[in-house]
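Notes follow once the structure below has been shown.
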Ligand SMILES: [Fe+2]
Ligand SMILES: [Fe+2]
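Residue numbers (our numbering), protein chains in the order written: chain P, 1 to 319; chain E, 1001 to 1096.
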């Protein structure tokens, strides 16, 4: 007879991670794994929701009905992404109210990119092309993240993302093929969004203390710097195709590493925006809080209506 | 600030096309079943992913316990004879 060695919960968990078996909500998991996921997933959800604001700013001013319908549809997708992610976080024991409170109080963070303003229509093109492009770069590996509900949410998100990037690229292409003033608009938007987009991958590896543990737990599959490098390598040829100049004087092809060398991100600016001092941090949170508070009566009324109907049904059945 | 009371959580199941099973796709909050179905349509079928939606309030779902799953599913472990591959069919026999 074989001897049965009782494995500790921790060992069983580590074994699943090693064997690429997804962790599901009711499985035992280390407290720190749970905490890391709640933080990362809720932060991700908040980014989708706050991310609707800079683009929503242009829905009423889109240059044609077609562009308006497309933008509306994209922003609606982002609301859906927020919902998938909030739901995934809720399976870990946090509540929607808790997460929303944390966003509104400033305790929870969201991607710093959404604290920049959208000054012209070209910014909508630049966001779709660059920001959604970076989001895809981040999100595709997350489809294989070790926590089941998060991975499944990301599969759904990724399916919807590629239209976002393409519609942005198409806007940029139209502008770049247009009048010189339109081309210039595109270049200026590119200049505004390029560096903040590179910041989306997060701090440098040596300044990202959580990365190592997250990689061990297979929450993350690539480091911030790896993803940033891939993104630059992917985008430079696209910018060249559009006839746009990457606003980085240090950008240079490096044959040896088969990738581009590029300049250092302004990390001071990054940390400053993260700390709440970006151009739009206050506006963004104020807009969220306002929407939430002004919607309170709707949520209460819907609940009261549902309760009333349930009572009526119960009374009818008792007859 | 007003007192907070969350809408209940619902699990959403979608039949992607006629003839297939409903499959779990995710969850959402809604005040009642009707709203849950409408929200599910808006969130989970924006690209014609479904022809039918079921919603079930999450608290009504009972699940097996993952901690006991080894013992719970054990009875099926040693019953290889439940699979057709357990049986030897002579090469001469066709269509079985
Ligand atoms: Fe998104
Ligand atoms: Fe997107």
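C-beta atoms are modelled at their ideal positions from N, C-alpha and C, and glycine is treated no differently. Source: prediction; values computed, not measured.
Residue i Cβ short of 7 Å to ligand 2 heavy atom set
i: residue 135 of chain P; result: yes
i: residue 123 of chain P; result: no
i: residue 77 of chain P; result: yes
i: residue 132 of chain P; result: yes
i: residue 55 of chain P; result: no
i: residue 164 of chain P; result: yes
Straight-line Cα distance separating residue j from residue i
i: residue 1050 of chain E; j: residue 91 of chain P; result: 24 Å
i: residue 129 of chain P; j: residue 166 of chain P; result: 7 Å
i: residue 303 of chain P; j: residue 250 of chain P; result: 57 Å
i: residue 208 of chain P; j: residue 224 of chain P; result: 8 Å
i: residue 1074 of chain E; j: residue 7 of chain P; result: 17 Å
i: residue 154 of chain P; j: residue 1090 of chain E; result: 48 Å
i: residue 1060 of chain E; j: residue 1023 of chain E; result: 17 Å
i: residue 121 of chain P; j: residue 188 of chain P; result: 11 Å
i: residue 151 of chain P; j: residue 158 of chain P; result: 10 Å
i: residue 292 of chain P; j: residue 51 of chain P; result: 16 Å
i: residue 88 of chain P; j: residue 1010 of chain E; result: 13 Å
i: residue 94 of chain P; j: residue 1052 of chain E; result: 30 Å
i: residue 191 of chain P; j: residue 203 of chain P; result: 21 Å
i: residue 101 of chain P; j: residue 289 of chain P; result: 9 Å
i: residue 64 of chain P; j: residue 136 of chain P; result: 27 Å
Chain P contact for residue i (CB, 8 Å cutoff)
i: residue 1026 of chain E; result: yes
i: residue 1094 of chain E; result: no
i: residue 1097 of chain E; result: Missing from the structure shown is residue 1097 of chain E; chain E here goes from 1001 to 1096 and no further.
i: residue 1006 of chain E; result: yes
i: residue 1035 of chain E; result: yes
i: residue 1075 of chain E; result: no
i: residue 1043 of chain E; result: yes
i: residue 1071 of chain E; result: no
i: residue 1046 of chain E; result: yes
i: residue 1091 of chain E; result: no
i: residue 1029 of chain E; result: yes
i: residue 1040 of chain E; result: no
Reference residue i, options the options, closest by Cα
i: residue 45 of chain P; options: P/186, P/144, P/111 and P/305; result: P/111
i: residue 281 of chain P; options: P/171, P/115 and P/109; result: P/115
i: residue 82 of chain P; options: E/1027, E/1074, E/1015 and E/1056; result: E/1027
i: residue 1015 of chain E; options: E/1007, E/1039, E/1031 and E/1045; result: E/1045
i: residue 1012 of chain E; options: E/1039, E/1063, E/1094 and E/1018; result: E/1039
i: residue 47 of chain P; options: P/229, P/155 and P/84; result: P/84
i: residue 194 of chain P; options: P/147, P/183, P/247 and P/143; result: P/247
i: residue 254 of chain P; options: P/245, P/158, P/232 and P/272; result: P/232
i: residue 1056 of chain E; options: E/1070, E/1082 and E/1025; result: E/1025
Closer than 7 Å: residue i CB and nearest ligand 1 heavy atom
i: residue 273 of chain P; result: no
i: residue 1029 of chain E; result: no
i: residue 81 of chain P; result: yes
i: residue 155 of chain P; result: no
i: residue 1092 of chain E; result: no
i: residue 48 of chain P; result: yes
C-beta neighbour in chain E for residue i, strict 8 Å
i: residue 78 of chain P; result: no
i: residue 26 of chain P; result: yes
i: residue 83 of chain P; result: yes
i: residue 97 of chain P; result: yes
i: residue 313 of chain P; result: no
i: residue 303 of chain P; result: yes
i: residue 41 of chain P; result: no
i: residue 306 of chain P; result: yes
i: residue 299 of chain P; result: yes
i: residue 87 of chain P; result: yes
i: residue 284 of chain P; result: no
i: residue 309 of chain P; result: yes
Assigned secondary structure, residue i (DSSP; H/G/I helix, E/B strand, else coil)
i: residue 51 of chain P; result: coil
i: residue 202 of chain P; result: coil
i: residue 288 of chain P; result: helix
i: residue 102 of chain P; result: helix
i: residue 110 of chain P; result: coil
i: residue 1087 of chain E; result: coil
i: residue 1047 of chain E; result: coil
i: residue 1056 of chain E; result: strand
i: residue 21 of chain P; result: coil
i: residue 1025 of chain E; result: strand
i: residue 253 of chain P; result: strand
i: residue 144 of chain P; result: coil
i: residue 1092 of chain E; result: coil
i: residue 169 of chain P; result: helix
i: residue 221 of chain P; result: coil
i: residue 157 of chain P; result: helix
i: residue 232 of chain P; result: helix
i: residue 1010 of chain E; result: strand
i: residue 150 of chain P; result: helix
Proximity test, residue i beta-carbon vs ligand 3 heavy atom, cut-off 7 Å
i: residue 161 of chain P; result: Ligand 3 is absent from the structure shown, which contains only ligand 1 and ligand 2.
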